[in-house]
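Position one of the sequence shown corresponds to residue 1 (the UniProt record's numbering), numbered consecutively onward. Beta carbons: idealized from backbone N, C-alpha and C, even for Gly. Since the structure is predicted, the reported quantities are computational estimates derived from the model, not experimental observations. Working notes for the structure below.
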Amino acid sequence: TLPISGGDVLASSASFQVGGGFNVMAAARRNGLPVVYLGRHGDGRFGELARAAMQAEGIEMALAASAGKDTGLCVSLTEASTERTFISHLGAEGDLSA
Numbered sequence: 001t002l003p004i005s006g007g008d009v010l011a012s013s014a015s016f017q018v019g020g021g022f023n024v025m026a027a028a029r030r031n032g033l034p035v036v037y038l039g040r041h042g043d044g045r046f047g048e049l050a051r052a053a054m055q056a057e058g059i060e061m062a063l064a065a066s067a068g069k070d071t072g073l074c075v076s077l078t079e080a081s082t083e084r085t086f087i088s089h090l091g092a093e094g095d096l097s098a
C-alpha cells in the first residue's frame with residue numbers, strides 16, 4: 001500500500017536495475033546483433049550503473065559520459081495489487097542538444 005500524503009510505509013524489497021531502452025538493447029545483443037547506444041549518459045552513480053550494465057552486455061557507447069551530470073532514474077512503486085506508480089527524473093539522456 002502506498003502511503004497517504006505525508007505518510008510513511010516500509011517497503012518489502014528494493015533494488016536498482018537498469019531498464020527502459022536498455023532491455024531492448026540487451027535482448028538484441030543476446031540474439032547476436034551489434035548494438036551501439038547513441039544517447040547521452042552522465043558521470044554520476046546512475047551513469048556508472050548504466051555503463052557497467054551496457055559493458056557487461058557488450059553494448060558499445062558512442063558518446064563519452066556527460067561531465068557534471070548524472071543519468072536519470074525512474075522510481076517504480078508497486079502495490080500488492082501489482083498496480084505500478086512511477087516517479088521519473090530526466091538526467092543527461094534528456095539533453096538533446098548537438
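In this structure, what does DSSP give as the bridge partners for residue i?
i: ILE4; result: Answer by DSSP bridge pairing: none, since ILE4 is not bridged.
Considering only the beta carbon of each residue, do residue i and residue j sit closer than 8 Å?
i: PHE16; j: LEU49; result: yes
i: GLY72; j: SER97; result: no
i: VAL75; j: ALA53; result: no
i: LEU77; j: ARG84; result: yes
Could you give the residue range of the alpha helix (DSSP H) that holds residue i?
i: VAL75; result: Counting along the chain, VAL75 falls outside any alpha helix (DSSP H), though it belongs to the beta strand (DSSP E) covering 73 to 78.
i: LEU49; result: 45 to 57
i: VAL24; result: 21 to 30
If you follow the beta strand (DSSP E) that residue i is part of, which residue opens it and which one closes it?
i: ARG84; result: 84 to 89
Counting C-beta neighbours from all protein chains within 10 Å, is the total for residue i 16 or more, i.e. buried, or is it exposed?
i: PHE86; result: exposed
i: ARG40; result: buried
i: ALA67; result: exposed
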